[in-house]
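Residues 37 to 176 in my numbering are what the sequence shown lists, from first letter to last.
Cβ coordinates follow ideal geometry from the N, Cα and C atoms, glycine included.
Right, one structure below, let's go through it.
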Amino acid sequence: MADLWIVVGFLAFFGTITGLLTVTFLAFTRMDKDVRRARMFIMEKRIQRFLGAFTVAFIALTVLICASMIAVGLPAAIGTGLLVVWLGGMGYGTYELFLIVRPPKGTLLRLIKKSNTGRSVLLEKAVILERSGRDRDAAK
Numbered sequence: 037m038a039d040l041w042i043v044v045g046f047l048a049f050f051g052t053i054t055g056l057l058t059v060t061f062l063a064f065t066r067m068d069k070d071v072r073r074a075r076m077f078i079m080e081k082r083i084q085r086f087l088g089a090f091t092v093a094f095i096a097l098t099v100l101i102c103a104s105m106i107a108v109g110l111p112a113a114i115g116t117g118l119l120v121v122w123l124g125g126m127g128y129g130t131y132e133l134f135l136i137v138r139p140p141k142g143t144l145l146r147l148i149k150k151s152n153t154g155r156s157v158l159l160e161k162a163v164i165l166e167r168s169g170r171d172r173d174a175a176k
C-alpha cells in the first residue's frame, strides 16, 4: 500500500511541474514583446535562481545516471538523496519561472513610494522611467 502512495505522490509532483511549465510557456508566448523584455530585465534575480536550481538539479541527475551506468553501486540513501535534489531543483526552478510570467499581484509593475504620511503612492510613468535610467541613456 505504501508503494501505491509513493507512485501517486511522484506522479502528482511531475503533473504539477508539467502543468506549471505548460501554463508558463503559454503565458510567455502570448505576452506582449515589450512587456516580456521588461519582465526579463526586472526579474533578473529570479531568472538567476531559476537557472541555478535547474543547473543543480541536472547535475544531481547526471551524477545519479552516470553512477548507475558505470555500476558504481551507490548506496540507496545517496541515490534517493540525489533524486530528491533533482526533484526539488526542478520544482523550485519551475516555480521561479512561473513567477516571472505570473508575478504576485502588485509587485512587478508598480513601484511603491512611501510618503511622509506613511501612505502608499503609485509613482507616475515619468518617475519610473527616470529611475530606470532610460532618459539618461537616450540622451547619450
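State whether the segment 105 to 114 contacts the segment 80 to 97, with contact taken as three or more CB pairs (one from each stretch) at a distance under 8 Å. Flag = no, the segment 105 to 114 and the segment 80 to 97 do not touch.
With a CB to CB cut of under 6 Å and the five nearest residues on each side skipped, what residues in its chain are close to Y128? As a first step, residue 128 is located in the sequence shown; it is residue number 92 there, counting from the start. A89.
Check the C-beta distance from L47 over to F134 and give it rounded, since I have them as a contact under 8 Å. For the purposes of this step, residue 47 is taken as residue 11 along the sequence shown, with counting starting at 1. For the purposes of this step, residue 134 is taken as residue 98 along the sequence shown, with counting starting at 1. About 20 Å separates the CB atoms of L47 and F134; that is not less than 8 Å, and the two are not in contact.
Give the range of the alpha helix (DSSP H) segment to which R75 is assigned. What you label residue 75 is simply residue 39 of the sequence shown in a count that begins at 1. Under the DSSP assignment, R75 falls in the alpha helix (DSSP H) whose first and last residues are 69 to 78.
Using DSSP with H/G/I as helix, E/B as strand and the rest coil, what is I53? The residue you call residue 53 lines up with position 17 of the sequence shown. I53: helix per DSSP, three-state reduction.
Figure out for me which residue from V44, F86, V121 has the closest Cα to the Cα of I95. The count along the sequence shown starts at 1 and reaches residue 95 at position 59. Closest by alpha carbon: V121.
Please return the same chain residues whose Cβ sits closer than 8 Å to the Cβ of A175, not counting the five positions on each side in sequence. Working through the sequence shown from its first residue, we reach residue 175 at position 139. Below a pLDDT of 50, predicted positions are generally treated as unreliable, and A175, at 47, falls in that range; no measurement from the model is reported.
Which residues in the same chain have their Cβ closer than 7 Å to the Cβ of R85, if we skip the five residues on either side of it in sequence? In the sequence shown, residue 85 corresponds to position 49, counting from 1. The residues are E132.
Could you tell me the alpha carbon to alpha carbon distance between S104 and R66, rounded to whole angstroms? Taking the first residue of the sequence shown as position 1, residue 104 is located at position 68. Taking the first residue of the sequence shown as position 1, residue 66 is located at position 30. Distance from the CA of S104 to the CA of R66, rounded to the nearest whole angstrom, comes to 41 Å.
Cβ pair L100, L123 closer than 8 Å: Stepping through the sequence shown from its first residue, residue 100 is reached at position 64. Stepping through the sequence shown from its first residue, residue 123 is reached at position 87. 8 Å or more divides the Cβ of L100 from the Cβ of L123.
Coil, strand or helix - L110 by DSSP: Position 74 of the sequence shown holds residue 110. If DSSP states are grouped into helix, strand and coil, L110 belongs with coil.
What is the DSSP secondary structure of R138, counted as helix, strand or coil? Within the sequence shown, the letter at position 102 stands for residue 138. Under the three-state reduction of DSSP output, R138 falls in the coil class, being neither helix nor strand.
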